[in-house]
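In what follows, a single structure is set out as structure tokens and then discussed.
Residue numbers (my numbering): 5 to 653.
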């Protein structure tokens with residue numbers, strides 16, 4: 005669809021209205037002119053005819069002869085050379101007073117007038133003709149003894165030009181048209197400038213601000229345009245509220261209300277020097293497994309409150325993933341003091357118990373500490389992991405840890421990953437995606453797993469990113485595509501396959517994927533889910549890939565929608581068929597109003613663009629109820645089935 009601007013649209017509407025107004029004024033003016041000319045000419049001719057008749061009647065009453073009457077008519081015609089008056093006698097008058105000899109035959113209008121009809125006509129040469137029937141009255145039959153009252157005794161015919169009248173009316177009508185046109189131009193010009201000042205310009209400012217926020221990927225910005233238009237002010241207010249909700253979602257942990265990892269990343273770069281402490285609850289998964297996730301959440305909430313009591317006011321507490329917390333100090337507290345704080349936290353926690361089901365639950369924690377620049381988070385994480393490995397309560401990061409950690413980790417991972425590929429232990433599981441209204445399975449998503457030698461499955465979280473660095477990621481993608489197409493070649497369901505930008509930018513891999521789709525003849529049942537959430541810089545290549553696979557019948561989805569600042573921008577540029585609303589927004593939708601607002605906003609935004617939506621992480625009936633209420637098209641989660649190797653027939 006060809007796009008336009010409000011300015012062009014307003015100008016087009018005003019110009020169209022102006023042209024229509026001019027045409028209507030012109031045609032109505034001409035219509036009015038012609039009607040007026042006709043009415044005025046006819047009225048004037050009728051008056052003139054009556055005056056002439058009265059003059060002739062006065063002469064007739066005196067008993068003038070036919071020659072004297074003709075002389076009167078001749079004198080009337082001599083008054084105005086443009087005026088022609090003729091008198092016609094009826095047969096009854098001719099029988100009494102004689103017939104008037106004429107060179108030409110009596111015309112049709114005269115015959116109509118003799119029959120009692122007033123005849124008026126305008127000729128092309130701007131002359132008018134009027135034929136006035138002279139009707140006998142009571143006093144007329146004194147002389148016209150063979151006539152009765154109401155008989156037509158004759159016709160007075162008048163013919164004269166109407167040029168002067170027509171020119172005068174034309175000037176008047178033309179003035180009227182010019183006035184209407186000039187008035188319309190002035191009126192529409194005022195309307196255009198008012199529209200431009202109060203509507204178009206504020207909207208353009210709003211669009212520019214939204215574009216700036218999108219470009220900078222900074223949802224902490226707000227729109228502060230002043231506008232006296234209530235609707236625009238409401239739109240601006242709503243957009244700022246949406247940004248606040250997004251900011252809260254992005255930067256706040258829904259359980260504890262503490263700032264999250266994203267906020268920590270932002271704050272830790274404010275100063276070149278800082279102290280950071282990562283706190284992890286030991287064996288927390290065992291508590292979750294034994295008492296349940298709800299009880300585990302209670303412990304996390306109570307533990308966060310205990311930490312808030314202990315740490316100094318100038319420090320910031322953050323809730324990171326799962327059972328991990330962080331304390332950030334930006335006030336140049338030295339490492340020795342920070343270490344003392346860590347020790348006091350460990351002692352406090354060791355003496356604290358949490359009551360669950362009337363049981364005292366004691367927990368222990370492990371701490372990693374780092375200081376310095378913007379690598380502080382990864383350094384503290386290394387210290388934490390090493391402390392757990394060495395069974396220490398805490399460790400302070402030292403550069404030597406990085407070398408040992410990375411070397412050991414990379415060697416081990418690469419060896420395990422290569423062995424898994426060679427031994428065909430990279431497998432694909434499939435999780436159902438259902439129609440939210442009917443709960444019937446409509447498609448499956450292919451999910452890769454690493455099958456350990458003991459039969460347990462390892463999440464891609466632990467090996468995919470490393471496989472990219474080790475340059476063996478394309479092999480894993482090929483395995484997933486091959487296994488998925490083979491599994492679904494005789495199925496009736498659609499198939500979603502995750503693909504990242506790195507895959508799309510690999511021409512050999514794209515060529516292989518394309519050939520496989522053609523080989524299995526499954527283009528109309530494959531959905532490619534683009535999982536790149538860090539940003540897409542190579543839009544031309546991505547768009548080329550999308551166009552290519554869509555020519556094969558495939559569809560496109562954006563995965564984890566809502567986790568990156570630029571997702572809304574992507575929808576404007578990519579030909580997307582589905583968006584998958586991120587699990588972080590769906591999993592708490594039944595108890596977190598902010599999550600519900602954001603999910604609803606995304607769903608409505610997608611519907612406006614004709615894009616279908618999929619809610620991820622629908623794990624409970626209460627979450628499903630909210631997803632259904634919002635009108636999200638499809639649902640995916642453990643409520644409908646966990647990832648399995650087998651699919652429904």
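Even for Gly, the Cβ is constructed at its ideal location relative to N, Cα and C. Note that the coordinates shown come from a computational prediction; the quantities given were computed from them, not determined experimentally.
Residue pairing of residue 610 in beta bridges, as defined by DSSP: absent, with no partner found. Straight across, the Cα-Cα distance linking residue 348 with residue 315 is about 10 Å. Cβ-Cβ distances below 6 Å link residue 453 to 431, 433 and 461 in the same chain, with the five nearest sequence neighbours on each side left out; the list follows chain order. Positions of the beta strand (DSSP E) runs, each at least 3 residues long and wholly inside the region 513 to 540, are given as 530 to 534 in order along the chain. Rounded to whole angstroms, residue 284 and residue 259 show a C-alpha spacing of 17 Å. Cβ contact annotation for residue 565 (same chain, cutoff 8 Å, sequence separation greater than five): 571, 583, 584, 585, 586 and 606, in chain order.
Between residue 293 and residue 280 the beta-carbon gap is near 30 Å, outside 8 Å, which marks them as no contact. Its Cα nearest to that of residue 263, the residue 312 stands out among 151, 526, 560 and 312.
The bridge partners DSSP lists for residue 127 come to none. Shown here, residue 101 sits in a helix according to DSSP, grouped into three states. Assignment of residue 642 by DSSP, reduced to helix, strand and coil, places it in the coil class. DSSP places residue 297 in the helix class (H, G or I) of the three-state scheme. Rounded to whole angstroms, residue 266 and residue 553 show a C-alpha spacing of 35 Å. Between residue 471 and residue 420, the alpha-carbon positions lie close to 11 Å from each other. In this chain, the beta strand (DSSP E) harbouring residue 400 covers 398 to 400.
For residue 132 and residue 98, the gap between their C-alpha atoms comes out near 28 Å. Distance from residue 448 to residue 651 at the Cβ level is roughly 6 Å; contact confirmed, criterion being Cβ atoms closer than 8 Å.
The C-beta of residue 324 has 16 or more other C-beta atoms within 10 Å across all chains shown, which makes the residue buried. In the three-state reduction of the DSSP assignment, residue 320 falls in the strand class, which pools E and B. Within the same chain, Cβ atoms closer than 6 Å to the Cβ of residue 400 are found at 373, the five residues on either side in sequence being excluded. According to the DSSP assignment, residue 340 belongs to no beta strand (DSSP E) but to the alpha helix (DSSP H) extending over 339 to 354.
For residue 642 and residue 510, the gap between their C-alpha atoms comes out near 33 Å. Rounded to the nearest whole angstrom, the CA to CA distance from residue 135 to residue 51 is 12 Å.
Comparing alpha carbon positions, the residue from 450, 590 and 125 closest to residue 529 is 450. The beta-carbon separation of residue 513 and residue 478, rounded to 5 Å, stays under the 8 Å limit for a contact. Taking the CA atoms as reference points, residue 396 sits about 48 Å from residue 517.
Residue 644 and residue 417 have their C-alpha atoms spaced approximately 33 Å apart. DSSP links residue 459 through a beta bridge to no other residue. Here DSSP, grouped into helix, strand and coil, assigns residue 309 to helix.
In this structure, DSSP gives residue 153 a state outside helix and strand, which the three-state scheme calls coil. Per DSSP, reduced to three states, the secondary structure at residue 260 is coil, with no helix or strand assignment. The continuous beta strand (DSSP E) containing residue 89 extends over residues 88 to 93. Here the alpha carbons of residue 427 and residue 588 stand approximately 35 Å from one another. Beta-bridge pairing by DSSP links residue 618 to 584 and 638. One alpha carbon belongs to residue 604, the other to residue 425, and they sit about 42 Å apart.
Residue 486: member of the alpha helix (DSSP H) spanning 477 to 492, first to last residue.
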